[in-house]
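In the numbering used here, the protein residues as written are 2 to 441.
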Amino acid sequence: MSILTGLYDDHSACDDWCKYKLDPENYKHKILPGGKGLTNIIIQDKLKAIFHSFANVADKLSPCASSQANDSLNNTIATTAPEHLHYGGSSSNDFRVCAGIIHKNLGNISIDVINKKMDSSPTKFSIKYRLKKDEVASRRKLKHRRSNLKNSGCGLDIGIDFVDIITMNPKVDLSSPVVVYFDLETTGLDASKEVVQIAAKYSEVEFNIYIKPEREFSSQASKFTGLHLKDNNLFYKCNLLISHSKLDAAKSFLQFLESINNTIILIAHNCFKFDCPALLDFLRNEGLLNEFSKLVAGFADSLPLLKLKLKNKLGAKVSYRQEVLAEEFLDSHLLSNAHNAANDVDVLQKLIEHNPIDIKVKDIMENFKSVHEIMMEKAEKIKCNEIQKSLQLLLCFESNGLKGIRILLAQDVGGKPRITKSQKIIDTLCNKLKHILSDS
2 MSILTGLYDD HSACDDWCKY KLDPENYKHK ILPGGKGLTN IIIQDKLKAI
52 FHSFANVADK LSPCASSQAN DSLNNTIATT APEHLHYGGS SSNDFRVCAG
102 IIHKNLGNIS IDVINKKMDS SPTKFSIKYR LKKDEVASRR KLKHRRSNLK
152 NSGCGLDIGI DFVDIITMNP KVDLSSPVVV YFDLETTGLD ASKEVVQIAA
202 KYSEVEFNIY IKPEREFSSQ ASKFTGLHLK DNNLFYKCNL LISHSKLDAA
252 KSFLQFLESI NNTIILIAHN CFKFDCPALL DFLRNEGLLN EFSKLVAGFA
302 DSLPLLKLKL KNKLGAKVSY RQEVLAEEFL DSHLLSNAHN AANDVDVLQK
352 LIEHNPIDIK VKDIMENFKS VHEIMMEKAE KIKCNEIQKS LQLLLCFESN
402 GLKGIRILLA QDVGGKPRIT KSQKIIDTLC NKLKHILSDS
């Protein structure tokens, strides 16, 4: 309210932000005609009513949330329902708003999606054109984010402390845990792989869900799993599958775990090297890692358990792949759908509970790792890798100076620089490294 009184030359309630305090004699209003304050009492009373309405919700307005996202959506909807044409009073308004929202969610490719829903197949050139437009828009957003990052003053910090913070319950009861078998299928084995199937089994209760990936399968993954994309639809062999979004699939999996209503240990074959990291990354990307850690105590890996139990029985047999063990101890018909997650969890359960193998819960507990322990191991590994990279930079600069750093960062990889060719960034990095070496 002091802003209003200041407009009427009453600065008694003003704080240090008011320029009147610096020079009362020569102060002039910048936004008022002639630099003079307002005098109309009627206008003042009306302004008080307006200012009071804002002052009463000051606690809500104080965070100063950006309206950029809302403005962007409004602009998108305005392309299908322009305000100056007053479509708000027409029967087509709802459809026009929905079209704008679909375009906002899916991008330019939304037109082709609608055509498919209407059984009107878009042409190959139409799809190619719209995908190219979406790619251009994606590059523009990335360039904008990079610009914001550069202007924010963020930069290189040697000795990165990386840790995924999860809320853990220190009083988890592990006296009578429930073992839940699970398995994942992915688009490949590289770092950019995506989870496309999650299957789990507890006693006789089964869970199975498919997820539509954003990238194509590797040829090897598609060959082993039988999963592939065709016309933006997910197929298992020749059968069209009902697939879900990543977030919906993650939430459904957590609902399944929550329904068990007990302390859970998730077990998979080769869990610690593949399934566990892939699942945790998947849940973290969907923002559900904390909820998951409240439901699941940790993980166990059936691979070392089976090796320990069977090393004397199998003698010279060196392969402990799940399908090889299933062929040895179980019926061969169970392998007809091998490398499908739903089938693999069923086979794993039968192997673990198979009488000659006889793995008990106490054996699984000896192999157990908590979610927190796994995340800390991952954080330590990433930190070690970052330190190693930092040491390489320091050694390179110490041995070859600015020239060595330029060669290292600007090295041509597939027609693009390995990191950057920007002389400004390279000079800033070298100054940082020079400072670190001089301090040591």
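All C-beta atoms in this analysis are idealised placements derived from N, C-alpha and C, irrespective of residue type, glycine included.
Per DSSP, reduced to three states, the secondary structure at residue 83 is coil, with no helix or strand assignment. Residue 350 is classed as buried because its beta carbon has at least 16 other beta carbons within 10 Å across all chains shown.
Under the DSSP assignment, residue 45 falls in the alpha helix (DSSP H) whose first and last residues are 42 to 56.
Your pair residue 298 and residue 175 checks out as a contact, with CB atoms roughly 6 Å apart and the cut at 8 Å. In the structure shown, the three-state DSSP call for residue 195 is coil. In terms of Cα proximity to residue 250, the closest of 409, 80, 56 and 213 is 213. Classified as exposed, residue 118 has fewer than 16 neighbouring CB atoms from the shown chains inside 10 Å of its CB. Between residue 182 and residue 325, the CB-CB gap reaches or exceeds 7 Å. Distance check between residue 94 and each of 108, 104, 78 and 116 places 78 closest, using alpha-carbon atoms only. Annotated three-state conformation of residue 21 is helix, per DSSP. For a cut-off of 8 Å, the C-beta gap from residue 188 to residue 219 is around 7 Å, short enough to register as a contact.
Residue 240 sits in a strand when the DSSP states are folded into three classes. Cβ contact annotation for residue 411 (same chain, cutoff 8 Å, sequence separation greater than five): 418, 419, 420, 421, 422 and 427, in chain order. In the structure shown, the three-state DSSP call for residue 138 is helix.
The beta carbon of residue 179 sits closer than 8 Å to those of 203, 261, 263, 264, 265 and 266, all from its chain and outside the five residues before and after it, given in chain order. For residue 302, the enclosing beta strand (DSSP E) begins and ends at 297 to 302.
Sorting 245, 221, 396 and 286 by C-alpha distance to the C-alpha of residue 198 places 245 at the top. When rounded, the separation of the alpha-carbon atoms in residue 236 and residue 227 is 8 Å. Counted as a single uninterrupted DSSP element, the beta strand (DSSP E) harbouring residue 184 occupies residues 179 to 187.
Using a Cβ distance threshold of 7 Å, residue 248 and residue 287 count as a contacting pair. In the structure shown, residue 104 adopts helical secondary structure according to DSSP, grouped into three states. Within the model, the alpha-carbon separation for residue 125 versus residue 131 is close to 10 Å.
By the C-beta density criterion, residue 436 is exposed, having fewer than 16 other C-beta atoms within 10 angstroms.
Distance from the CA atom of residue 308 to the CA atom of residue 321, rounded to whole angstroms, is 7 Å. Uninterrupted alpha helix (DSSP H) stretches at least 4 residues long and entirely within the region 368 to 407 do not occur.
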